[in-house]
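This report refers to the structure that appears directly beneath it.
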Amino acid sequence: MSYLADVRALTRKDLLLELRARDTLPAMLLFVVATFVVFHFALPAGSSRLAASGLLWVAIVFTALLGLGRAFVPEREQHVFDGLVLAPCDRSAIWLAKSLATLAFLVAAELVALPVFALFFNGLRASTVAGVALADLGICTVGTLVGAMAVVTRARDLLLPLLFLPLAIPIVIGGVGASVAGDPGRYLGFLGLYDALFALLCWAAFEYVVTE
Amino acid sequence: MIAARGLGKRFGAKRALHGVDLELPAGGFAVVTGPNGSGKTTLLRICAGLALPSEGELVVGVQRAQVGYLAHDPLVYRELSALENLELYGRLYRVPERRERVGILLERFGLWDERADRVSSYSRGMTQRLALCRALLHDPALLILDEPYAALDAQGAELLDAQFAELRGERTILVSTHEPARIESLATVRIALAA
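Top to bottom, those sequences are chains R and Y. Under my numbering, think of the first position of the first sequence as 1, with each following residue one higher. Under my numbering, think of the first position of the second sequence as 213, with each following residue one higher.
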């Protein structure tokens, strides 16, 4: 129970920080909506639904990257990470709380972005929405771990995409498959498996990431 | 409480600390002095468990939960209030009767009236007082304080003096400072690091 209480307290802190600083969510919203607007005019008239689906996933991955890049900024700027690491709570609680907060920002951005996408690109399949939901979990679990690794380096802005994007390729494959395939079930299953596997790996690895 | 033999730390080719021996028994008060770049902060970070030594042996006789660490940075969130910061740390450190303890510390360090203000509106000295509250919050058995007098005004420094006088002998304290004269009379162990 104390583990969940730690996660709750840390997640609440991240949401409160965002509510006050408004650093992350507005940037994500602006980016994803602007991307759809540009795509809307950039795609040739009569382009296929397949192309539009691909663009949706490009926009989601890079919007998430924007959020992940800012996830540990409060800890980095004030070196609070040392304080959190010294606390006797299980260190994976820090990762889980940060993943949940990032997930909340990403879902909030998508609540606006997906209707905009549907408006510009002729609708949205239910399997696409399910794929986005599953992909969000994988993006936030993996991205938060990679973000914690990158935040302590000087080349963090370069390192985060370099580490994250290769790990996100299976998510893009699963997501695009769920969006365009006639039988999206196996792609959704693949995304679910990815989420479960990487959540477990990240949960177990975080302790070693934050220990010198 | 702390026993170190030949402790050293390298950052790549740069040697930050070399050959430090330290024997600090429970209830002892160690004062670490030395010029800038002599490795005071590195030594304290190693003793706090935030960095691993590159060479030598170190035994710290308490668990992480029993270490109170004050760094150069206050380790608090600027967009949260003093109360919110201490509430968060109090939860993570499982401080019993947390709200009462937070209130006592804020009162003692003269921050009670500003408890609901965001830390970003605090002066450097007020932030340092808050950082001291954070380090003392869970009543740690081992206190590791890096330049605790930095940015404190005369009143703040007197509050810290009083805190040291109260804790001396009851808690193990490791302090780095550029003003050793201020706490010289409390010291049971002295470590002078060379540049």
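All residues carry an ideal CB built from backbone N, CA and C; glycine is no exception. Please read all numbers here as calculations on a predicted model, not as lab measurements.
Per DSSP, Y:H390 lies in no alpha helix (DSSP H) segment and is marked neither H nor E. In the structure shown, Y:A407 adopts coil according to DSSP, grouped into three states.
For Y:R290, the chain R residues whose Cβ falls inside 7 Å of its Cβ are Q78, in order along the chain. The Cβ atoms of Y:R327 and Y:R290 lie no closer than 8 Å to each other. Given a length threshold of 3 residues, each whole run of the beta strand (DSSP E) inside the stretch 231-298 of chain Y is given here in chain order: 241-245, 267-272, 279-282. Within the stretch 48-124 of chain R, there are no complete beta strand (DSSP E) runs of at least 3 residues.
Measuring C-alpha to C-alpha distances from R:R49 to each of R:A181, R:G131, R:G192 identifies R:A181 as the nearest. When only Cα atoms are considered, R:R12 and R:S47 end up about 43 Å apart. Under the 8 Å criterion on CB atoms, R:K13 is classed as interfacial with respect to chain Y.
When DSSP reads this structure, Y:I356 sits in a beta bridge with Y:Y281, Y:L386. Non-local beta-carbon contacts of R:A104 in its own chain, meaning distances under 7 Å to residues more than five positions away in sequence, involve L15 in chain order. Proximity of Y:V401 to chain R, defined by a Cβ-Cβ separation below 8 Å, is not satisfied. Under the criterion of beta carbons closer than 8 Å, Y:I356 and Y:Y281 qualify as touching, at roughly 5 Å. Contacts with chain R (Cβ-Cβ distance below 8 Å) from the stretch 300-312 of chain Y involve L300, Y301, R303, L304, Y305, R306, listed in chain order.
Neighbours of Y:V279 across chain R, judged by C-beta separation under 7 Å: L86.
Cβ-Cβ distances below 6 Å link R:L167 to V142 in the same chain, with the five nearest sequence neighbours on each side left out; the list follows chain order.
Where R:R12 is concerned, the enclosing alpha helix (DSSP H) starts and stops at 2-21.
Distance between Y:D358 and Y:R380, taken at the CA atoms: about 17 Å. Contact between Y:A228 and Y:G268 does not hold, since their C-beta atoms are separated by about 13 Å, which reaches or exceeds 8 Å.
Here R:A178 carries a helix assignment [DSSP, helix/strand/coil]. No Cβ of chain R is located within less than 8 Å of the beta carbon of Y:L323.
For Y:R313, the enclosing alpha helix (DSSP H) covers residues 310-320. Contact residues of the stretch 247-274 of chain Y toward chain R are R257, A260, G261, L262, A263, L264 (C-beta to C-beta distance below 9 Å). For Y:R303, the three-state secondary structure derived from DSSP is helix.
By the neighbour-count definition (other C-beta atoms within 10 Å, threshold 16), Y:R402 is an exposed residue. In this structure R:G147 does not touch R:A93 by the C-beta definition: roughly 16 Å separates them, more than the 8 Å allowed. Remark: C-beta atoms of Y:F321 and Y:L344 approach each other more closely than 8 Å. Residue-level contact by beta carbon fails for Y:A362 and chain R, as no gap is shorter than 8 Å. Residue environment for R:S53: buried (at least 16 other C-beta atoms within 10 angstroms of its C-beta).
Annotated as proximal: Y:Q278 and Y:A353, with beta-carbon spacing under 8 Å. Cβ-Cβ distances below 8 Å link R:V7 to A93, L96, A97, L100 in the same chain, with the five nearest sequence neighbours on each side left out; the list follows chain order.
For Y:R276, the neighbours in chain R by C-beta distance under 7 Å run, in chain order, L86, P88. For Y:D285, the C-beta contacts it makes with chain R under 7 Å involve Q78, H79, in order along the chain.
Under the 8 Å Cβ criterion, the stretch 120-140 of chain R counts as touching the stretch 169-184 of chain R, having at least three qualifying pairs. Against chain Y, the CB of R:R154 has no partner CB under 8 Å away; the residue lies outside that interface. Here R:E207 has R91, S92 as same chain residues with Cβ atoms under 7 Å from its own Cβ, once five neighbours each way along the sequence are excluded.
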